[in-house]
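Some notes on the structure that comes next.
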Amino acid sequence: MKSDILSAPLPKWAKLPINRCNLPAEIIGSLGFQHDPRPLELDGVKEIHQDLFQKLDLLSNKEDRARQFMDYMSVHFLLEDITRAGATETTKRKKATYLRLLRGWFFDSDGREAAVLKGWVESRFGLSPSYHNARISDKNSAAYIRFMKIRTEGIYSTNALEAQLDLLYSYVQYELALGAQSYTLYRGINRLEEFDILRRDNKEEAVFLFNNLNSFSTERETAAAFGDMILQVKVPKEKIMCCPGLFGNQFASEHEYMVLGGLYRTTMSYM
Numbered sequence: 052m053k054s055d056i057l058s059a060p061l062p063k064w065a066k067l068p069i070n071r072c073n074l075p076a077e078i079i080g081s082l083g084f085q086h087d088p089r090p091l092e093l094d095g096v097k098e099i100h101q102d103l104f105q106k107l108d109l110l111s112n113k114e115d116r117a118r119q120f121m122d123y124m125s126v127h128f129l130l131e132d133i134t135r136a137g138a139t140e141t142t143k144r145k146k147a148t149y150l151r152l153l154r155g156w157f158f159d160s161d162g163r164e165a166a167v168l169k170g171w172v173e174s175r176f177g178l179s180p181s182y183h184n185a186r187i188s189d190k191n192s193a194a195y196i197r198f199m200k201i202r203t204e205g206i207y208s209t210n211a212l213e214a215q216l217d218l219l220y221s222y223v224q225y226e227l228a229l230g231a232q233s234y235t236l237y238r239g240i241n242r243l244e245e246f247d248i249l250r251r252d253n254k255e256e257a258v259f260l261f262n263n264l265n266s267f268s269t270e271r272e273t274a275a276a277f278g279d280m281i282l283q284v285k286v287p288k289e290k291i292m293c294c295p296g297l298f299g300n301q302f303a304s305e306h307e308y309m310v311l312g313g314l315y316r317t318t319m320s321y322m
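Take the sequence shown: its position 258, counting from 1, is numbered 309 in our numbering, and each next residue is one higher.
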């Protein structure tokens, strides 16, 4: 892993010096992590919600586990009773939940909900965004300042929204631990120059620095609907924040994998 970090280091602007995870951003965002990943655990989540994971262990059916998780989220974070959580007529943002954030992401990956999600990734994993309505390559830039403003507006006066995302990620990892170790995913693009390419190995392979949160598909044909060039990436399960089939019928039609960013060795081809 060390040689991969040195051969294509994560740019300074693409990471924070600290995070709330068991590994630093330098490792999480490295090529070495793509090929030799380690479990990622957010600080304190499993300890705080130990009773949830004990209940999940007793359920053999994925649909039952999904219901258990969503019921737990509703009760623990008072999602069905926002007045008990402190909501008033003047704090309507109390209605914001992890499900609304996911819907917002699927609708617009540059919207307010997406800014909250990217901000959460930056806070928890130390991976900074490289795009939100504009390219971001400097934390002193106007683009980053605008991103932070939108993110702050999205998180203001909400009910432990980032803590909801902490538990969401931990639940997704719990489910993925029962399956494949990595996933071959695809993304369709039209303009290669819109992406940060740190190293070009040959005509078909390069090292990409992806945004800190991205959408991918398991199907080339689906990805092709978004661009003629297809990027193929091997993604370790540890860098998947959300994927289809984990919440019953909710989001089943989206077919999107939400993937944490960083450096990825990527194969490029055309349909």
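For glycine and all other residues, C-beta sits at the position ideal for the given N, C-alpha and C.
Alpha-carbon spacing of Asp-189 relative to Pro-180, whole angstroms: 10 Å
What is the DSSP secondary structure of Asp-247, counted as helix, strand or coil? strand
Ignore the nearest five residues each way along the sequence and tell me which others in Ile-119's own chain have a CB closer than 7 Å to its CB. Before going further, note that residue 119 is Gln rather than Ile in the sequence given. Lys-106, Leu-107 and Leu-110, listed in sequence order.
Of the residues Val-286, Lys-169, Cys-293 and Ile-291, the one placed nearest Thr-317, counting alpha carbons only: Val-286
Is the beta carbon of Ile-281 sitting closer than 8 Å to the one on Val-310? no
Does the beta-carbon distance from Phe-246 to Phe-267 come in below 8 Å? no
First through last residue of the alpha helix (DSSP H) which encompasses Arg-116: 113-127
Have a look at Leu-236 and Glu-270 and give me their C-alpha separation to the nearest angstrom. 7 Å
Please name the residue, chosen from Glu-289, Leu-314 and Phe-298, that lies closest to Met-250 on a Cα-to-Cα basis. In the sequence as presented, Met is not what sits at residue 250; that position holds Arg. Of Glu-289, Leu-314 and Phe-298, the residue nearest in Cα terms is Leu-314.
Three or more C-beta pairs below 8 Å linking the region 86-99 and the region 198-206: no
By the DSSP assignment, the beta strand (DSSP E) with Gln-283 in it spans what residues? 280-287
In terms of residues, what are the limits of the beta strand (DSSP E) holding Ile-240? 233-240
Once the 5 residues before and after Glu-256 are set aside, which same chain residues still bring their CB inside 8 Å of it? Arg-316, Thr-317, Thr-318 and Met-319
Taking the CB atoms as reference points, tell me whether Lys-66 and Gly-177 lie closer together than 8 Å. yes
Mind checking whether Glu-213 and Trp-156 have CB atoms under 8 Å apart? no
Tyr-225 (DSSP reduced to helix, strand or coil): helix
Using a Cβ-Cβ cutoff of less than 6 Å, which residues in the same chain neighbour Asn-184 once the five nearest sequence positions on both sides are dropped? Asp-161
Backbone CA spacing between Ser-192 and Pro-62 [nearest angstrom]: 16 Å
Beta-carbon contacts of Ala-59 that lie in its chain and below 7 Å, excluding the five residues immediately before and after: Leu-82, Leu-249, Arg-250, Val-258 and Leu-314
Using 10 angstroms around the beta-carbon of Met-124, count the other beta-carbons present and answer buried if the total reaches 16, otherwise exposed. buried
Return yes when the Cβ of Ala-275 is within less than 8 Å of the Cβ of Gly-239, no when it is not. yes
In the DSSP assignment, find the alpha helix (DSSP H) that holds Ala-274 and state where it starts and stops. 271-275
Buried or exposed: where does Val-167 fall if 16 or more other Cβ atoms within 10 Å of its Cβ makes it buried? buried
Which partner residues of Glu-256 appear in the DSSP bridge assignment? Thr-318
Mark Phe-158 as exposed unless 16 or more other C-beta atoms lie within 10 angstroms of its C-beta, in which case mark it buried. exposed
On the DSSP letters alone, give me the boundaries of the beta strand (DSSP E) that Ile-291 sits inside. 291-293
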